[in-house]
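Notes follow the structure.
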Amino acid sequence: MTAFQRLALLLCPWALAACSTLPAPRSADDSPTPPARPAAAAAGESTPSTPSAAPPAPASAAIATAPPLPSVHPVASVVAPADLWERMERGFAMPDLDNELVQQWERWYASRPDYLQRMADRASKYLFHVVEEIERRNLPLELALLPFIESAFNPQAVSHAKAAGMWQFMPATGKHYDLKQNAFRDDRRDVLASTRAALDYLERLHRMFGDWHLALAAYNWGEGNVQRAIKRNQAAGLPTGYPDLRMPDETRNYVPKLQAVKNLVTAPQHRGVKLPVIGNHPFFDTVRIDRDIDVAVVARLAGVSEADFRTLNPSHNKPVIMASGTPEILLPWDNALLFTQRLREHGGPVASWTAWRVPQDMTTAQAARQLGWDERALREINRVPPRMRLKAGSTILVPREGKLDRDVPEHLADNAQLLLTPDVPPTRTVRVKARAGDTLAAIALRHRVGVAELAAWNKLSVGARLRAGQTLQIHVPATRTAHAGGKPAKAAAPRKATAKAASPRKPGAVRTAQARKP
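Going left to right, the sequence shown walks through residues -17 to -1, 1 to 501 as mature numbering (1 follows the signal peptide of the UniProt record, and there is no 0) numbers them.
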């Protein structure tokens, strides 16, 4: 027998067995049904099973029966939700809070559909990115609702305590998480940078407290305050959960607000709320830039308004984007490719502004003269208030021309500060002596200075009692004098003119002089 014939005999029983186990054809309406196979068998454990058809007996004892083909599990259909709210709901993982405050805030939000609509409209531009970042870190998606509570998803929001951005970073906390705050930009408002910093901070707080509700309280109130509140309860033998701690009203309502919004997302029908649809797709794309470029040029090349550009890039407060400090900008998804193509084809200059470091203390008028620029324009573009001087080391925005035709270097783009000082006239120090019964207020009034200033100059309290003859220092404008004895210097009386001042007269009238009486 040839080798080919032996191979045919070996394969024949296997083929017959396979044919005998072919399934009957299904109708188009039939859905695939996974085989009833214990999990242990799938893992390789030996479990009894009943095959659907026994294989035929071998043709000879010397021929081994081929094993049956493995059963194929149908692939489950995984469809991404079209709505971002549904995607978020699938990722909610924090324990629920249920108390009267939660219900109170549910009613509050549900009674303000216009407010919910405005929040959702703003969130629609940023929420997809926030959700993506939270999922990438495997964090609970309730955190994506936090900007609703912090700022109503407004990246330009500023609190009375100077917290800024949609995640509401205080200046010091922002610096700790590498959010630049300088004369040209505030990264606390930057969509990408502030989201990264907020999630870094929240992860750290969760590691610190091991409880998401306490972590959220610390985000609002400060970690030190939460730690002290926990220690107080521990010392008193009291529970240390979020509902058990003494805290300010704002923090007491913080997590209930978040829970209320979460409840409206998961079951809006319970409160008669209809959430606006937010598509489960990115709103913007990131575009890299390698040179400084005016905001107006970006808007024109991308086909968007400057207002829409600043909505996605709210950290920039000047008319130029400095590539060394911000190498990426955000543009609406469909406009990003258009901008890239048009920028590649653009042949002219794209930036008309640069930065200039003030070499010494000077007025804005002096700086404008040195730069050959209009003082009013200098004040306006750099937001210099009236009666303020520029201090040495300040960095201001100036026209890009002549010797200043260059991109802004990284150290200025990242660290520029506008340093100002009051523009006061030069002064000189005079000494006066207090009279019997004098007070600081009386002396300040006589010499036209502030009582607090007079007290500070002489290291006295405002209500200090004075001795007769006590010497005090007063700083007065260089053009004004003060009497050493404490009396204000009187302006010299005008000398009597040898001729009376002329009264208004008609053009061409003759003016006559009148001799003084002896």
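Every residue, glycine too, gets a C-beta built ideally from N, C-alpha and C.
Reference residue 412; option with closest CA among 457, 226 and 174: Along the sequence shown, read from residue 1 onward, the residue named residue 412 stands at position 429. Residue 412 has its Cα closest to that of 457, out of 457, 226 and 174.
Bridge partner(s) assigned by DSSP for residue 276: One-based indexing of the sequence shown puts residue 276 at position 293. In DSSP, residue 276 forms a bridge with 304.
Output the distance between the C-alpha atoms of residue 177 and residue 351, rounded to the nearest integer angstrom. For the purposes of this step, residue 177 is taken as residue 194 along the sequence shown, with counting starting at 1. For the purposes of this step, residue 351 is taken as residue 368 along the sequence shown, with counting starting at 1. When rounded, the distance between both Cα atoms is 36 angstroms.
How long is the line joining the alpha carbons of residue 207 and residue 201, rounded to whole angstroms? On the sequence shown, residue 207 is found 224 positions in, with the first residue counted as 1. On the sequence shown, residue 201 is found 218 positions in, with the first residue counted as 1. Computed Cα separation, rounded: 8 angstroms.
For residue 269, count the other beta carbons within 10 Å of its own beta carbon; 16 or more makes it buried, fewer makes it exposed. Which is it? Residue mapping note: residue 269 aligns to position 286 of the sequence shown, counting from 1. Burial call: exposed.
Would you list the residues sitting across from residue 299 in a DSSP beta bridge? Along the sequence shown, one-based indexing puts residue 299 at 316. Answer is 168.
Do you know whose CA, among 303, 239, 313 and 447, lies nearest residue 266's CA? As a working note, residue 266 is residue 283 in the sequence shown. Comparing Cα-Cα distances from residue 266 to each of 303, 239, 313 and 447, the minimum goes to 313.
Would you mind reading off the limits of the alpha helix (DSSP H) that contains residue 97? Translated into positions along the sequence shown, residue 97 becomes position 114. Its alpha helix (DSSP H) spans residues 96 to 119.
By alpha-carbon positions, which one of 397, 453 and 394 ends up nearest to residue 423? For the purposes of this step, residue 423 is identified with residue 440 of the sequence shown, where counting begins at 1. Scanning 397, 453 and 394 for the CA closest to the CA of residue 423 turns up 453.
Can you have a look at residue 282 and say buried or exposed, based on whether 16 or more other CB atoms are within 10 angstroms of its CB? As a working note, residue 282 is residue 299 in the sequence shown. Burial call: buried.
Cα-Cα separation, residue 336 to residue 243: For the purposes of this step, residue 336 is taken as the residue at position 353 of the sequence shown. For the purposes of this step, residue 243 is taken as the residue at position 260 of the sequence shown. One C-alpha to the other measures close to 47 angstroms.
Coarse secondary structure for residue 456, derived from DSSP in three states: The residue you call residue 456 lines up with position 473 of the sequence shown. It is a strand residue.
Taking 8 angstroms as the cut-off, decide whether the C-beta atoms of residue 378 and residue 166 are in contact. Here residue 378 refers to the residue found at position 395 of the sequence shown. Here residue 166 refers to the residue found at position 183 of the sequence shown. Against a cut-off of 8 angstroms, the Cβ pair of residue 166 and residue 378 comes out as a contact.
Using the Cβ count rule (16 or more neighbours within 10 Å means buried), how would you classify residue 330? Walking along the sequence shown from the start, residue 330 turns up at place 347. Answer is exposed; the Cβ neighbour count stays below 16.
Distance, residue 293 Cα to residue 181 Cα: Counted from its first residue, the sequence shown places residue 181 at position 198. Counted from its first residue, the sequence shown places residue 293 at position 310. About 21 angstroms.
Could you check where the alpha helix (DSSP H) with residue 192 kicks off and where it finishes? As a first step, residue 192 is located in the sequence shown; it is residue number 209 there, counting from the start. Residue 192 -> alpha helix (DSSP H) spans 174 to 192.
Rounding to the nearest angstrom, what Cα-Cα distance links residue 248 and residue 90 in this structure? Position 265 of the sequence shown, counted from the first residue, corresponds to residue 248. Position 107 of the sequence shown, counted from the first residue, corresponds to residue 90. Across the structure, residue 248 and residue 90 are spaced so that their CA atoms are roughly 14 angstroms apart.
The stretch 358 to 365 touching the stretch 306 to 325, judged by at least three CB pairs closer than 8 angstroms: no
From 344, 280 and 447, pick the residue whose C-alpha is nearest to that of residue 326; which is it? Start at 1 with the first residue of the sequence shown, and residue 326 comes out as number 343. Checked all of 344, 280 and 447; the closest Cα to residue 326 is 280.
With a threshold of 8 angstroms on Cβ separation, who are the neighbours of residue 186 within its own chain once the five nearest residues in sequence on each side are excluded? For the purposes of this step, residue 186 is identified with residue 203 of the sequence shown, where counting begins at 1. Excluding sequence positions up to five before and after residue 186, its CB lies within less than 8 angstroms of the CB of 120 and 122, all in the same chain and listed in chain order.
By a C-beta neighbour count over all protein chains shown, 10 Å radius and 16 as the cutoff for buried, is residue 151 buried or exposed? Here residue 151 is taken as the residue at index 168 of the sequence shown, counted from 1. Buried is the label assigned to residue 151, since at least 16 other Cβ atoms lie within 10 Å of its Cβ.
Those residues which DSSP pairs with residue 416 across a bridge: What you label residue 416 is simply residue 433 of the sequence shown in a count that begins at 1. In DSSP, residue 416 forms a bridge with 454.
Name the two residues that bound the continuous beta strand (DSSP E) containing residue 161. Translated into positions along the sequence shown, residue 161 becomes position 178. Element bounds for residue 161: n/a, residue is neither H nor E.
Run through DSSP, which three-state label would residue 476 get? By 1-based counting over the sequence shown, the position of residue 476 is 493. With a pLDDT of 45 at residue 476, under the threshold of 50, the modelled position of that residue is not reliable, and the figure given next carries that caveat. Correct three-state label for residue 476: coil.
Let me make sure I understand the geometry here. Which of 388, 62, 253 and 369 has the alpha-carbon closest to that of residue 407? What you label residue 407 is simply residue 424 of the sequence shown in a count that begins at 1. Of 388, 62, 253 and 369, the smallest CA-CA separation from residue 407 is found for 369.
Do the CB positions of residue 374 and residue 395 come within less than 8 angstroms of each other? As a first step, residue 374 is located in the sequence shown; it is residue number 391 there, counting from the start. As a first step, residue 395 is located in the sequence shown; it is residue number 412 there, counting from the start. No. Outside cutoff.
Could you round the C-beta distance between residue 240 and residue 132 to whole angstroms and report it? I think they count as a contact, below 8 angstroms. Working through the sequence shown from its first residue, we reach residue 240 at position 257. Working through the sequence shown from its first residue, we reach residue 132 at position 149. That belief holds up - the Cβ atoms of residue 240 and residue 132 are roughly 5 angstroms apart, short of 8 angstroms.
Quick one: grab the DSSP three-state call for residue 389. Here residue 389 corresponds to residue number 406 of the sequence shown, with the count starting at 1. Correct three-state label for residue 389: coil.
Strictly under 8 angstroms for the Cβ-Cβ distance: is residue 122 near chain D by that measure? Protein chains in the displayed structure number just one, and chain D is not present.
Unbroken beta strand (DSSP E) run spanning residue 339, endpoints: Your numbering for residue 339 matches position 356 in the sequence shown. From DSSP, the beta strand (DSSP E) with residue 339 extends over 336 to 340.
Residue 77 and residue 109 look like a contact to me (Cβ under 8 angstroms); what is the Cβ gap, rounded to whole Å? Mapped onto the sequence shown, residue 77 falls at position 94. Mapped onto the sequence shown, residue 109 falls at position 126. Contact doesn't hold; Cβ gap of about 21 angstroms is too wide.
Taking all protein chains shown into account, do 16 or more other C-beta atoms lie within 10 angstroms of the C-beta of residue 232, making it buried, or fewer, making it exposed? If you number the sequence shown from 1, residue 232 lands on position 249. With fewer than 16 other Cβ atoms within 10 Å, it is exposed.
Determine the burial state of residue 383: buried for a count of at least 16 other Cβ atoms within 10 Å of its Cβ, exposed for fewer. Taking the sequence shown and counting its residues from 1, the one referred to as residue 383 is at position 400. By the neighbour-count rule (16 or more Cβ atoms within 10 Å), residue 383 is buried.
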